[in-house]
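Using UniProt numbering, the letters of the sequence shown map in sequence onto residues 1 to 479.
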Amino acid sequence: MAALKHGSRKFYEIPSENLQYVRHDREVKNHKKIEELFKSLSFIEDYIQEQVLPHYGNTHTTTTVTSLQTTLYRHEARDIIRNAVNASEHDSVIFVGNGVTGGVHKLIHALDLKKPPVVWIKQDLTGQVDLSDLEMKLKHKMTFVFSLLLEIKLHSPKGDTQLIGCFSAASNVTGILTDTNAVTACLHQYDALAFWDYATAGPYVKINMNPFVTSEQGLVHKDAIFISTHKFVGGVQTPGILVAKKKLFENPVPSGCGGGSVFFMTENSHRYLKEIEMREESGTPAIVGDVRAGLDIGASSIMAKEENLCRRALASWENIEDLIILGNTAVSRLAIFSFVIRHPISGVLLHHNYVCALLNDLFGIQARGGCACAGPYAQNLLGINEKLAKEIEALILEDSRLDRIHLRRYNEYSEREILRPGFVRLNLPYFMSDDAVHFVLEAVKMVAEHGWKLLPRYMFNPETGGWKHRTHQVIQSFL
Numbered sequence: 001m002a003a004l005k006h007g008s009r010k011f012y013e014i015p016s017e018n019l020q021y022v023r024h025d026r027e028v029k030n031h032k033k034i035e036e037l038f039k040s041l042s043f044i045e046d047y048i049q050e051q052v053l054p055h056y057g058n059t060h061t062t063t064t065v066t067s068l069q070t071t072l073y074r075h076e077a078r079d080i081i082r083n084a085v086n087a088s089e090h091d092s093v094i095f096v097g098n099g100v101t102g103g104v105h106k107l108i109h110a111l112d113l114k115k116p117p118v119v120w121i122k123q124d125l126t127g128q129v130d131l132s133d134l135e136m137k138l139k140h141k142m143t144f145v146f147s148l149l150l151e152i153k154l155h156s157p158k159g160d161t162q163l164i165g166c167f168s169a170a171s172n173v174t175g176i177l178t179d180t181n182a183v184t185a186c187l188h189q190y191d192a193l194a195f196w197d198y199a200t201a202g203p204y205v206k207i208n209m210n211p212f213v214t215s216e217q218g219l220v221h222k223d224a225i226f227i228s229t230h231k232f233v234g235g236v237q238t239p240g241i242l243v244a245k246k247k248l249f250e251n252p253v254p255s256g257c258g259g260g261s262v263f264f265m266t267e268n269s270h271r272y273l274k275e276i277e278m279r280e281e282s283g284t285p286a287i288v289g290d291v292r293a294g295l296d297i298g299a300s301s302i303m304a305k306e307e308n309l310c311r312r313a314l315a316s317w318e319n320i321e322d323l324i325i326l327g328n329t330a331v332s333r334l335a336i337f338s339f340v341i342r343h344p345i346s347g348v349l350l351h352h353n354y355v356c357a358l359l360n361d362l363f364g365i366q367a368r369g370g371c372a373c374a375g376p377y378a379q380n381l382l383g384i385n386e387k388l389a390k391e392i393e394a395l396i397l398e399d400s401r402l403d404r405i406h407l408r409r410y411n412e413y414s415e416r417e418i419l420r421p422g423f424v425r426l427n428l429p430y431f432m433s434d435d436a437v438h439f440v441l442e443a444v445k446m447v448a449e450h451g452w453k454l455l456p457r458y459m460f461n462p463e464t465g466g467w468k469h470r471t472h473q474v475i476q477s478f479l
């Protein structure tokens, strides 16, 4: 790791071809469930500890050396992100709380739409956008009303109703990638806005807010992108990022009013700042998290490794009859896999949380069971139609007659949570060693072929859906 000095500043520079080995060898050897949250990296944390924190100050003033230096660090982090995603002078880069969710809600407020828009977010069972179908819907101003992401009640378009397409750059269930340029160009042909969720794809693909494509010039620029930097390697406790065209910020009132967003006020009036990035980041920001976000974001030669990992995993698992990989395996995708396992005799699926428990208990592999916050898409992949989904919902609903307060129910409660459908999800990070990849692939294979044999040794909790070995029912102290 080379240290470049510029006055009293220190900049860290690591050759991109070596970065994945640094990440693997020093930080994340035993962490297999990487898609949701990356661990910290010592060289980033050391830099923050040695260079950033000694000069920490509030960014609402620049009259002191600490506040000025902290403000400059944060501006530099923003510029690093701006350059990494190829944002232009027409784009605002905004730090937001709560990952992509915070960015989506901030943009909804900023749009200040006077009437409900038409929002298209449907993707087919392969996880891809059907361009011909999308074009037909846009051309005839029709819509499939299905919005989990924007949470806005949609109506049929009339007159100047805004059309919006909002899609994931990659599925967090199957890892399947979407051709963002083709879909964006299609949307812009019909004056629709193109919003892209990079929560899953961000750590793996090159994010380009304003790509240059000769054949589609003027049509492929994205109107807004949402990024979860906490899913980048080294991105622990970093904010979400909203990058959006400045023209979209129609609302002069920030989504969260607070210090630093007001230009001037009297007893009877107030005026907010016109500078979007300052106005929309009111209050004291998560300064260190913002700086960390600038240090952990960046593109490298990742996709070639992802494609190789996909081929390797699918080749290893293709002949396992009772292992069912969800989603289209013949399209471009990240090394994110969701699967279910059948009992070889009855054909009944092993419970997803039971499979996760086996991977954890036997091999230390941290997988996730459930629907991965993608309910309708997951139900489609599992072959669950609307009628069956409603029946399942009725089964697992909490009894409305229960007195939650006096019974001290602090969480959603169901006596039949075990019946909630789901699958197992894990991914193979691009910096994982060949031996570790082989270990994970063989572990999944072993559980798929022999996992059912351990069912008598496990107990499940019908109220939580969790599975534990019979000897692990009581939490033991290891001190």
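Backbone N, C-alpha and C define an ideal beta-carbon position, used for all residues, glycine too. Values in this document were obtained by computation on a predicted structure and should not be read as measured data.
query: Would DSSP call Tyr377 helix, strand or coil?
result: helix
query: Which runs of the alpha helix (DSSP H) fall wholly inside the stretch 165 to 211 and span at least 4 residues, in chain order?
result: 180 to 189
Alpha-carbon to alpha-carbon, Leu314 and Asp160: 47 Å
- prompt: Looking at Ser316 and the ligand MN, is the gap between the Cβ and the nearest heavy atom below 6 Å?
  reply: In the structure on display, the ligand MN does not appear, and there are no ligands present to speak of.
- request: Could you check what DSSP says for Gly294 in three-state terms: helix, strand or coil?
  value: helix
field: Touching by the beta-carbon criterion (3+ pairs, under 8 Å), the stretch 459 to 470 and the stretch 415 to 432
entry: yes
task: Please name the residue, chosen from Ala169, Thr174, Gly175, that lies closest to Thr184 on a Cα-to-Cα basis.
output: Ala169
query: Given Gln237, which residues of its chain have a CB within under 6 Å of its CB, disregarding the five upstream and five downstream residues?
result: Gly289
query: Which residues share a DSSP beta bridge with Val118?
result: Leu163
message: Tell me the rounded alpha-carbon separation between Asn319 and Val118.
response: 44 Å
Identified DSSP bridge partners for Ile325: Phe339
field: Three-state class that DSSP yields for Met432 in the structure shown
entry: coil
- prompt: For Arg457, does the count of other Cβ atoms within 10 angstroms reach 16, so buried, or fall short, so exposed?
  reply: exposed
task: Determine the contact status of Leu349 and Val340, defining contact as a CB-CB distance below 7 Å.
output: yes
As assigned by DSSP and simplified to three states, the class of Asp79: helix
query: Under three-state DSSP, which class holds Asp361?
result: helix
- request: Pull up the distance between the alpha-carbon of Val233 and that of Ser42, whole angstroms please.
  value: 11 Å
message: My output table needs one value for His270: the three-state DSSP class, helix, strand or coil.
response: strand
query: Would you call Cys373 buried or exposed, if buried means 16 or more other Cβ atoms sit within 10 Å of its Cβ?
result: exposed
task: Output yes or no for whether 7 Å exceeds the beta carbon distance between Met209 and Ala87.
output: yes
Classification of Gln69 by the beta-carbon crowding that lies within 10 angstroms, buried from 16 upward: buried
Exposed unless 16 or more other CB atoms sit within 10 angstroms - verdict on Arg279: buried
- prompt: Are the stretch 80 to 94 and the stretch 237 to 248 touching, with three or more C-beta to C-beta distances below 8 Å?
  reply: yes
task: Compute the Euclidean distance between the alpha carbons of Leu219 and His188, then round it to the nearest angstrom.
output: 6 Å
field: Val253 - containing alpha helix (DSSP H), residue span
entry: Note, Val253: premise wrong, no alpha helix (DSSP H); not H, not E.
- prompt: Would DSSP call Arg401 helix, strand or coil?
  reply: coil
- prompt: How would you write the range of the beta strand (DSSP E) that His469 sits in, first residue to last?
  reply: 467 to 469
message: Just to confirm the assignment, what range does the beta strand (DSSP E) spanning Gly99 have?
response: No beta strand (DSSP E) contains Gly99, which is instead part of the alpha helix (DSSP H) from 99 to 111.
task: Can you have a look at Ala194 and say buried or exposed, based on whether 16 or more other CB atoms are within 10 angstroms of its CB?
output: buried
- prompt: Among residues of its own chain, excluding the 5 on either side of Thr329, which ones have a beta-carbon nearer than 6 Å to its beta-carbon?
  reply: Leu314
message: Please tell me whether Val424 and Ala367 are closer than 7 Å, where the distance is taken between their beta carbons.
response: yes
- request: Kindly list the residues whose CB is nearer than 7 Å to the CB of Asn98, restricted to its own chain and excluding five residues on each side of it in sequence; keep chain order.
  value: Gly240
task: Output the distance between the C-alpha atoms of Pro167 and Trp196, rounded to the nearest integer angstrom.
output: Before going further, note that residue 167 is Phe rather than Pro in the sequence given. Going by the C-alpha atoms only, they are around 5 Å apart.
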